[in-house]
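Heads up: the protein sequence lines correspond to chains U and P, in order.
Here the first sequence is numbered in our numbering, starting from 200 and rising by one per residue.
Here the second sequence is numbered in our numbering, starting from 18 and rising by one per residue.
Positions of the beta carbon are idealized from the N, C-alpha and C atoms, including for glycine.
Below: one structure, written as structure tokens.
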Amino acid sequence: MQMEHSAGVVTAERLDRPPTPARHLSSDTTRAAMRVQNEVLRAVRAFLADEGFVELLPPVIGPVTDPGTRGSKQLDVDYYGHRYKVMTSGILYKQASLLAFDKLFFVAPNVRAEPPETCSTRRHLAEFHQIDLEVAGAGQAEAMALAEQLLVHVVRQVLVAVPDQLDLLGRDPAGFAGLLDGPFDVLTHRQAVAALHALRHPQSPDTEIAWTGEELLSERADRPFFVTDYPKGSRGFYDRESRTEPGRLCNFDLIAPGGYGELVSGSEREADYAAIVTRMRETGENPAKYLWYLDVIRGGIPPSAGFGMGLERLTRFLTGLPSVWQVNAYPKIPGEVAP
Amino acid sequence: MTGLRAAGFPAEAVRARALAGAAEAFPPLAAYGREVFGAQPPAREATADLLDAARLVPPVFMPRRLEKLIDLGREPLYSDVDLTARVGGFAAALPVFLSAFGSTRLGSSELAVAASRQAGALGIPMVIGENVVPVNGYRGRSATTGLLDRVRAYVEATTDHIGGVVVQQSTEDADAEVWNLVHSDPAVEPLLATGRLGFELKVGQGAKPGLGGMTVLDGAAAGRVSEQYALDNVWHAEEAGVLRSSSPGTFTEEILRQQIRLMRNNFPRVKVWVKLHPGRDVAAAAEVAWAAGADAVTVDGAEGGSGWAPRAFLDHVGLPLGECLRRIGRPAGCLLATGRMWEGVRTVKALALGATAVGLGRAALVAADTDPREGLRRLVAVLALEARMLISALGKYTVDALDADDLWLPGGTVPIAEPAAVAGSSPAHSTVRLGPSRRPPPDQGGQP
């Protein structure tokens with residue numbers, strides 16, 4: 200299983216740590232990675248502007264945030280005597296903002312105190328950024344198509360605009376041939392579980408695909424693929440449950456090949472007030488603390504679908520760097536104190 | 018000693034055991050050879066609790082004793098009974114665990130820390146109750162009240178690979194993210210690394226089935242938590258304190274199933290426990306919990322608790338523990354029983370009715386109050402001695418060998434419910450099929 204090792208045990212991966220801020224910021228690798236990331240953001244904004252999206256600036260704190268899953272902890276701030284949360288994702292605000300625009304996105308900083316054992320996955324940061332978008336009236340299939348188009352566009356742009364940086368980092372452009380060659384594959388969660396079982400890798404059919412399992416599938420792929428239809432109990436209350444197949448969520452992850460793992464997580468959203476309150480209970484949440492959000496939902500919002508694309512994970516995939524901290528200027532590894 | 022009182026509970030007998038240990042398993046030694054002993058006449062009021070009414074009935078022919086004789090090469094004695102048990106995914110020295118005390122004045126005092134230390138030394142699992150973090154803080158408002166103090170006391174006293182710590186989370190605790198807080202704390206890592214951390218989803222409790230936790234807070238403490246809890250000035254006097262109520266939380270089959278799945282999803286290295294109140298559908302709820310992957314289901318009989326409960330509930334609401342066990346029948350997973358546990362007889366009867374272990378709540382508090390260093394250890398030593406004698410008398414030598422045949426009720430054996438069909442683990446399941454129609458309808462109770 201993915202977490203059999205103890206976070207207290209020093210493994211080879213744990214030795215792979217950011218150097219001092221001065222060395223990290225003055226390294227050629229960091230500089231090249233930042234140039235690639237800069238191009239990613241330029242490409243994302245250009246693509247989404249062409250598609251009619253409005254960029255909104257995301258909130259940083261609020262009375263409540265995305266409850267998240269897999270044991271990541273929210274950070275509190277004292278806001279005039281009230282306990283506020285630093286945003287773990289902008290999902291609640293994205294849904295509410297559909298009252299203003301049909302297509303919107305954030306480039307949002309998020310903070311998640313991930314469990315210390317994620318320090319060795321090489322793809323978790325406690326502070327990271329998401330390209331977080333939402334589309335009114337869209338379903339699961341439209342959101343998946345959009346994620347695919349966006350990724351292909353970004354890869355094309357980066358290959359054209361900063362080939363020198365990729366060259367400097369030793370990333371072979373041939374590694375993207377599969378991605379650029381036709382539509383991505385789609386695997387349901389059930390099929391992904393079966394594929395892992397066939398590889399004699401343990402995986403519960405009722406839970407999230409574990410990090411080691413996801414990496415295993417990613418390593419064996421030569422192009423990105425979707426995993427869809429996760430079971431209820433593995434994701435947040437806002438992922439819409441299938442009306443025809445109870446227990447199946449209308450959601451998806453987009454997994455990069457080569458062991459880079461999940462780049463995108465998204466879903467068709469639940470917009471029905473009673474269904475959201477019930478789902479909050481099913482995910483162990485106290486509806487009372489979501490008062491402002493539930494007021495918005497009760498007043499009515501359009502149905503929607505959307506996703507978050509991890510900016511650092513995308514940049515890591517493009518640069519081919521071993522660890523995600525290498526593509527963040529001010530990296531914070533879970534469980535470790537860093538500036 | 019704080020003068021802790023426990024109405025309706027044999028507190029004096031518990032205190033005597035906490036002071037004297039094994040000697041309290043017998044009549045006073047001074048009476049030996051001077052008095053004759055016999056059973057007490059039956060109480061005039063018929064008890065509603067099947068566990069009280071039942072008698073343990075050793076057989077004459079004992080094939081299992083023969084097995085043990087062959088194994089040992091000599092006649093087995095009560096000291097040959099192996100009391101070790103697998104309790105909710107943890108190895109335990111005895112089929113006993115320390116129940117949740119919660120955030121009440123009693124449960125969060127130094128007594129709780131003393132009890133935690135002794136539980137660690139005994140090698141029995143310990144549950145830390147709900148609302149400790151929102152009310153008392155995580156690292157302790159005073160030196161001794163926080164959750165972490167209890168964890169530390171336990172870990173310091175324990176040896177590796179035995180016992181475990183289970184942390185409850187209620188609806189209000191979810192706001193304080195107790196599980197995430199505990200899970201990511203380096204101080205808890207030794208437990209996590211040895212598979213000895215559990216989380217308990219509290220669905221309800223025996224003292225007030227259908228209501229949430231209740232405590233009485235002074236004005237200052239009430240002010241601190243006023244955003245999270247309902248407060249009711251029941252006593253209309255400044256100095257009397259304020260009633261603080263937790264919401265009981267809303268559960269349906271699907272909510273329970275999904276909350277358990279979410280716990281397994283988010284905390285794969287942590288054992289999942291579920292605590293149920295003695296509801297009329299307790300068997301169905303236990304089945305849902307096991308099918309969703311719970312490592313243990315605790316059934317808390319309507320017997321009392323360390324918190325605060327309205328009199329109406331203490332006397333008139335909820336099924337007695339024995340009836341809960343009878344309705345559950347042969348359990349499909351690890352079943353834990355709590356409610357008025359303090360000695361060996363009730364323990365062995367509960368085990369015979371399907372429980373894997375029993376929880377000490379009030380008894381542990383009273384024992385720790387009597388002697389903070391050794392009280393609980395002595396109390397448990399007497400319980401263990403009695404359990405060994407009773408189990409060996411039944412011709413058995415392990416705790417899991419006990420079954421309903423070991424019990425007799427006036428009028429016959431205990432009518433155990435047939436095991437119900439276990440709900441499938443497919444997420445598409447929206448209902449749980451109950452067993453054959455032999456299960457009595459809830460309102461008939463099924464009392465013999």
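- Residue pairing by DSSP puts P/Arg261 in a beta bridge opposite P/Thr232, P/Leu248.
- In the DSSP annotation of this structure, the continuous segment of the alpha helix (DSSP H) that includes U/Thr514 starts and ends at 510 to 518.
- 8 angstroms or more divides the Cβ of U/Phe451 from the Cβ of U/Phe424.
- As computed with DSSP, U/Asn450 is found in a beta bridge with U/Ser466.
- U/Thr387 has U/Thr427 as its beta-bridge partners, per DSSP.
- U/Val526 and U/Arg234 have their C-alpha atoms spaced approximately 10 angstroms apart.
- By the neighbour-count criterion, in which 16 or more other beta carbons inside 10 Å mark a residue as buried, U/Gln273 falls on the buried side.
- Taking 7 angstroms as the cut-off between beta carbons, the residues of the segment 461 to 490 of chain U near chain P are Arg480, Glu481, Thr482, Gly483, Glu484, Asn485, Lys488, in sequence order.
- The beta carbon of U/Pro257 lies closer than 6 angstroms to those of Gly289, Phe305, Ala307 in the same chain, with the five residues before and after it left out.
- With its beta carbon at least 8 angstroms from every one in chain P, U/Gly458 lies outside the interface.
- Boundaries of the beta strand (DSSP E) harbouring P/Leu218: 214 to 219, taken from the DSSP string.
- The beta strand (DSSP E) runs lying completely inside the segment 281 to 348 of chain P and spanning 3 residues or more are 288 to 293, 313 to 317, given in chain order.
- When 7 angstroms is used as the limit between beta carbons, P/Ile272 is near these residues of chain U: Arg480, Glu481, in chain order.
- Identification of residues in the segment 318 to 345 of chain P having a C-beta nearer than 9 angstroms to some C-beta of chain U yields an empty set.
- Cβ contact annotation for U/Gly251 (same chain, cutoff 6 angstroms, sequence separation greater than five): Lys302, in chain order.
- Secondary structure of P/Asp422 (DSSP, three-state): helix.
- Within the segment 62 to 90 of chain P, contact with chain U at the beta-carbon level (separation under 7 angstroms) is assigned to no residue.
- For P/Ser201, a Cβ of chain U is located within less than 8 angstroms of the residue's own Cβ.
- Taking the Cα positions, P/Gly137 is about 12 angstroms away from P/Val113.
- With a cutoff of 8 angstroms on beta-carbon distance, U/Asp331 and U/Gly507 are scored as near each other.
- Think of a sphere of 7 angstroms around the beta carbon of P/Thr267: the chain U residues whose beta carbon falls inside it are Arg480, in chain order.
- In the DSSP assignment, the residues bridged to P/Gln186 are P/Leu218.
- Inclusion of U/Thr406 and U/Ser433 in the CB contact set at 8 angstroms is warranted, their separation being smaller than that value.
- Within chain U, no C-beta atom comes nearer than 7 angstroms to that of P/Arg213; the closest sits roughly 12 angstroms away.
- C-alpha of P/Arg357 to C-alpha of P/Glu320: approximately 6 angstroms in a straight line.
- If you look at U/Glu481, you'll find it in the alpha helix (DSSP H) that goes 472 to 481.
- Rounded to whole angstroms, the gap between the alpha carbons of U/Pro266 and U/Thr287 is 8 angstroms.
- Any Cβ of chain U closer than 8 angstroms to the Cβ of P/Arg261 would place that residue at the interface, and such an atom is absent.
- Any Cβ of chain P closer than 8 angstroms to the Cβ of U/Gly432 would place that residue at the interface, and such an atom is present.
- Boundaries cannot be given for U/Pro257, as no beta strand (DSSP E) includes it and DSSP labels it neither H nor E.
- What P/Leu198 touches in chain U, judged by beta-carbon distance under 7 angstroms, is Lys272, going in chain order.
- The C-alpha of P/Met280 is placed about 20 angstroms away from the C-alpha of U/Val263.
- P/Phe78 is classed as exposed because its beta carbon has fewer than 16 other beta carbons within 10 Å across all chains shown.
- Going by C-alpha positions, P/Gly335 is about 51 angstroms away from U/Val385.
- Using a CB distance below 7 angstroms, the part of the segment 207 to 232 of chain P facing chain U consists of Ala210, ordered along the chain.
- When DSSP assignments are scanned along the segment 298 to 373 of chain U, the uninterrupted stretches of beta strand (DSSP E) that are 3 or more residues long and fall wholly within it turn out to be 302 to 310, 326 to 335.
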